[in-house]
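Colleague: Just dropping this structure here.
Protein chains: 2
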Amino acid sequence: MANNKISWPPSTQLAPVPAVLLGCGNAKGYSANLITVAWCGIINSDPAMLSVSIRKERYSHAIISETGEFSCNIPIPSLAHAVDYCGVVSGRKVDKFKACDLTALDGEKISAPTVAECPLTLECKVVEVKELGSHDLFLAEIVNVRVSPEFIDEKGHFDLAREGLLAYCHGGYYNLGEKLGSFGFSVKK
Amino acid sequence: MANNKISWPPSTQLAPVPAVLLGCGNAKGYSANLITVAWCGIINSDPAMLSVSIRKERYSHAIISETGEFSCNIPIPSLAHAVDYCGVVSGRKVDKFKACDLTALDGEKISAPTVAECPLTLECKVVEVKELGSHDLFLAEIVNVRVSPEFIDEKGHFDLAREGLLAYCHGGYYNLGEKLGSFGFSVKK
């Protein structure tokens, strides 16, 4: 295969990435707030940890820095409008739960609110913040997982992809499509 | 909305996540190798940075630790078999480029190999490694981006999702489905 590739300047083109609703606030004088982040990933399995990167100037940056807690709520495709809205509008001016008609539920192990309409929530406590430049990287431990029973099938399996799942790719929100295989399928006899 | 959610123990259930082929080696005595990682995310925009988490016992962990470089190759759905294989099999025993019939191309700004069959490659240099427990977190700067000209349309737009895009969710590989909207659509007049 010929090497006909073109070089472009460094940029953040990894895709697809998740687009999740972080719930924060309900502590230290802050009201419940939401922010959408696409720069979120699992970073460790034992203990279970994830990271999120947030620009310093965002309202939720201050809230999460001061409270040390957030919920990571995984949306379904019907929430695409809310996911976009919560990434564009500032919680300094708008009650995003109200504006998006979303329901704030108390977290079980954290003070930060969780989103009832999301079938999966990871409750997180910040363990370290690293300044990287435009963004700060919050390293957090996942201290609890909340799931909606409607997504658990007769066999007890939690099927998050049942109603699709929201992914973000180069400025667009996408639904998940067909399943191509399960982990390990390439070496199954 | 009633709070009927069920609590589960902490686990790494974020989804969807990318499933990317990291190319490493071609330096310090190591041959070209590949490893699939799902725990990969953008962490900063200026400078452009991403992170990957790799278990200490993986062969690629040693290679990337010693060489300080890797390529992050974003696959298309037709590569699902190779993506799975490179996450399951060890490069200590197998030449994965050969086994998967993939073509190693030289990186432009790094010694690590890149994957010709992937339309998008992020060339990365490690700036810090953090031990988190089961995994080490490699924080890396994206020093160059390589794109396949076949994915650039008449208007000069790079359309990575044109042939679909591979996402990973709870043990399954998925294609991307329909586009649900573009960033900012919720506030457009």
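Taken in sequence, the protein lines are chains A and B.
Heads up: the first sequence begins at 1 in my numbering, then just goes up one per residue.
Heads up: the second sequence begins at 1001 in my numbering, then just goes up one per residue.
We treat Cβ as the ideally placed atom computed from N, Cα and C, and that holds for glycine.
#1: Starting from the beta carbon of B/K1098, find every residue of chain A whose beta carbon is closer than 7 Å, and list them in chain order.
#2: Quick check: is the beta carbon of A/N4 nearer than 8 Å to any beta carbon in chain B?
#3: When you compare the CB of B/A1167 with every CB in chain A, is at least one pair closer than 8 Å?
#4: Answer with yes or no whether the minimum CB distance from A/P113 to chain B is below 8 Å.
#5: Applying a beta-carbon distance threshold of less than 9 Å, which residues of chain B neighbour A/A80?
#6: Starting from B/S1186 and walking both ways along the alpha helix (DSSP H), at which residues does that stretch end?
#7: Would you list the residues sitting across from B/E1150 in a DSSP beta bridge?
#8: Can you say whether B/S1186 is buried or exposed, counting buried as having 16 or more other CB atoms within 10 angstroms of its CB?
#9: Under 8 Å, Cβ to Cβ, is there at least one residue of chain A near B/D1046?
#10: Under 8 Å between beta-carbons, which chain B residues line up against A/R146? List them in chain order, please.
#11: Do the stretch 1068-1077 of chain B and the stretch 1150-1166 of chain B make contact, defined as three or more Cβ pairs closer than 8 Å?
#12: Since A/A99 and A/P113 are thought to touch, with beta carbons under 8 Å apart, how far apart are those beta carbons, to the nearest angstrom?
#13: Alpha helix (DSSP H) containing A/Y59: first to last residue?
#14: B/V1083 and B/L1014 - do their beta-carbons sit closer together than 8 Å?
#15: Any chance you could list the beta strand (DSSP E) runs of at least 3 consecutive residues sitting entirely within the stretch 86-155 of chain A, in chain order?
#16: By Cβ distance below 7 Å, which residues in the same chain neighbour B/R1162 in space, the five residues on each side in sequence not counted?
#17: Would you mind telling me which residues of chain B sit closer than 9 Å to A/N33, beta carbon to beta carbon, in chain order?
#18: Mind checking which residues open and close the beta strand (DSSP E) that includes B/I1006?
#19: What is the rounded straight-line gap between the Cα of A/Y59 and the Cα of B/K1189?
#20: What does the Cβ neighbour count give for A/V145, buried or exposed, with the cut at 16 atoms within 10 Å?
#21: Residues of chain A with a CB under 8 Å from the CB of B/P1077: which are they?
#22: For B/E1108, go through chain A and note every residue whose CB falls closer than 7 Å to its CB, in chain order.
#23: Closer than 6 Å by C-beta to A/N175: which residues in its own chain qualify, once you throw out the five before and the five after it? Chain order, please.
#24: Say whether chain A places a C-beta atom closer than 8 Å to the C-beta of B/V1094.
#25: Could you confirm whether any beta carbon from chain B is found closer than 8 Å to the beta carbon of A/S40?
#26: For B/A1082, name the three-state secondary structure that DSSP assigns.
#27: In terms of residue numbering, what span does the beta strand (DSSP E) encompassing B/L1021 cover?
#28: Taking the alpha-carbon positions, what's the A/A32 to B/G1172 distance?
#29: Pick out whichever of A/F158, A/I43 and A/A140 has its Cα sitting closest to the Cα of A/V147.
#30: Decide if B/I1043 is buried, meaning its Cβ has at least 16 other Cβ atoms within 10 Å, or exposed.
#31: Exposed or buried, which one is B/D1136 when buried takes at least 16 other CB atoms within 10 Å?
#32: Hey, does A/A140 have any beta-carbon neighbour from chain B nearer than 8 Å?
#33: Please name the residues in the stretch 1122-1138 of chain B whose beta-carbon is closer than 7 Å to at least one beta-carbon of chain A, in chain order.
#34: Less than 8 Å between CB atoms is the rule here; does A/I64 satisfy it with respect to chain B?
#35: Does any residue of chain B bring its CB to less than 8 Å from the CB of A/N175?
#36: Kindly list, in the order they appear in chain A, the residues whose Cβ is closer than 9 Å to that of B/G1171.
Modeller: Based on what the coordinates show:
#1: Here residue 1098 of chain B refers to the residue found at position 98 when the second sequence is read from its first residue. One finds nothing in chain A with a Cβ atom closer than 7 Å to the Cβ of B/K1098; even the nearest lies about 14 Å away.
#2: Stepping through the first sequence from its first residue, residue 4 of chain A is reached at position 4. Interface residue (Cβ-Cβ distance to chain B less than 8 Å): A/N4 is classified as such.
#3: In the second sequence, counting from the first residue as 1, residue 1167 of chain B sits at position 167. Answer yes: the Cβ-Cβ gap between B/A1167 and chain A drops below 8 Å somewhere.
#4: Translated into the one-based positions of the first sequence, residue 113 of chain A becomes position 113. Not one chain B Cβ lies under 8 Å of A/P113.
#5: Here residue 80 of chain A is taken as the residue at index 80 of the first sequence, counted from 1. The contacting residues are L1180, G1181, F1185 and S1186.
#6: Along the second sequence, read from residue 1 onward, the residue named residue 1186 of chain B stands at position 186. Segment: none, B/S1186 is in no alpha helix (DSSP H) and carries neither H nor E.
#7: Taking the first residue of the second sequence as 1, we reach residue 1150 of chain B at position 150. DSSP output for B/E1150 lists no bridge partner at all.
#8: Locating residue 1186 of chain B in the second sequence gives position 186, counting from the first residue. Buried, since its Cβ has 16 or more Cβ neighbours within 10 Å.
#9: Numbered from its first residue, the second sequence carries residue 1046 of chain B at position 46. Yes, because at least one Cβ of chain A sits closer than 8 Å to the Cβ of B/D1046.
#10: Within the first sequence, numbered from 1, the residue matching residue 146 of chain A stands at position 146. Within chain B, the C-beta atoms nearer than 8 Å to that of A/R146 come from K1005, I1006, S1007 and W1008, in chain order.
#11: The stretch 1068-1077 of chain B vs the stretch 1150-1166 of chain B: in contact.
#12: On the first sequence, position 99 is the one that residue 99 of chain A refers to. On the first sequence, position 113 is the one that residue 113 of chain A refers to. With 8 Å as the limit, A/A99 and A/P113 do not qualify as a contact, their Cβ atoms being about 14 Å apart.
#13: Along the first sequence, one-based indexing puts residue 59 of chain A at 59. Note, A/Y59: alpha helix (DSSP H), Y59 to T67.
#14: Along the second sequence, read from residue 1 onward, the residue named residue 1014 of chain B stands at position 14. Along the second sequence, read from residue 1 onward, the residue named residue 1083 of chain B stands at position 83. No.
#15: With a minimum length of 3 residues, the continuous beta strand (DSSP E) runs that stay inside the stretch 86-155 of chain A are 104-106, 113-115, 120-131 and 135-147.
#16: In the second sequence, residue 1162 of chain B corresponds to position 162, counting from 1. Within the same chain, B/R1162 has close Cβ partners F1151.
#17: Along the first sequence, one-based indexing puts residue 33 of chain A at 33. Chain B residues near A/N33: none, gap ~17 Å exceeds 9 Å.
#18: Taking the first residue of the second sequence as position 1, residue 1006 of chain B is located at position 6. Where B/I1006 is concerned, the enclosing beta strand (DSSP E) stretches over I1006 to W1008.
#19: To locate residue 59 of chain A, count along the first sequence from 1; it is residue 59. To locate residue 1189 of chain B, count along the second sequence from 1; it is residue 189. Taking the straight line joining both Cα atoms gives about 25 Å.
#20: Within the first sequence, numbered from 1, the residue matching residue 145 of chain A stands at position 145. Buried.
#21: As a working note, residue 1077 of chain B is residue 77 in the second sequence. Contact annotation for B/P1077 against chain A: L180 [CB-CB distance below 8 Å, chain order].
#22: On the second sequence, residue 1108 of chain B is found 108 positions in, with the first residue counted as 1. Below the 7 Å Cβ cutoff, chain A contributes S7 as neighbours of B/E1108, in chain order.
#23: Here the question's residue 175 of chain A lines up with position 175 in the first sequence. Answer for A/N175: P77 and G164, listed in chain order.
#24: Within the second sequence, the letter at position 94 stands for residue 1094 of chain B. With 8 Å as the cut-off, B/V1094 does not count as an interface residue toward chain A.
#25: Here residue 40 of chain A is taken as the residue at index 40 of the first sequence, counted from 1. Here the sequence assigns Cys to residue 40 of chain A, which means Ser is not the residue at that position. The Cβ of A/C40 sits closer than 8 Å to at least one Cβ of chain B.
#26: Here residue 1082 of chain B corresponds to residue number 82 of the second sequence, with the count starting at 1. B/A1082: helix per DSSP, three-state reduction.
#27: Within the second sequence, residue 1021 of chain B is the residue found at index 21, counting from 1. V1020 to C1024 is the extent of the beta strand (DSSP E) around B/L1021.
#28: As a working note, residue 32 of chain A is residue 32 in the first sequence. As a working note, residue 1172 of chain B is residue 172 in the second sequence. Approximately 34 Å, taken between the alpha carbons.
#29: Residue mapping note: residue 147 of chain A aligns to position 147 of the first sequence, counting from 1. It is A/F158.
#30: One-based indexing of the second sequence puts residue 1043 of chain B at position 43. Buried.
#31: Taking the first residue of the second sequence as 1, we reach residue 1136 of chain B at position 136. Within a 10 Å sphere around the beta-carbon of B/D1136 sit 16 or more other beta-carbons, which makes this residue buried.
#32: For the purposes of this step, residue 140 of chain A is taken as residue 140 along the first sequence, with counting starting at 1. No, its Cβ sits nowhere closer than 8 Å to a Cβ of chain B.
#33: Answer in chain order: L1122, L1132, G1133, S1134, H1135 and L1137.
#34: As a working mapping, residue 64 of chain A is identified with position 64 in the first sequence. Chain B contact via Cβ: absent.
#35: Along the first sequence, one-based indexing puts residue 175 of chain A at 175. Yes, its Cβ sits closer than 8 Å to a Cβ of chain B.
#36: Taking the second sequence and counting its residues from 1, one reaches residue 1171 of chain B at position 171. The answer, in chain order, is S182, F183 and G184.
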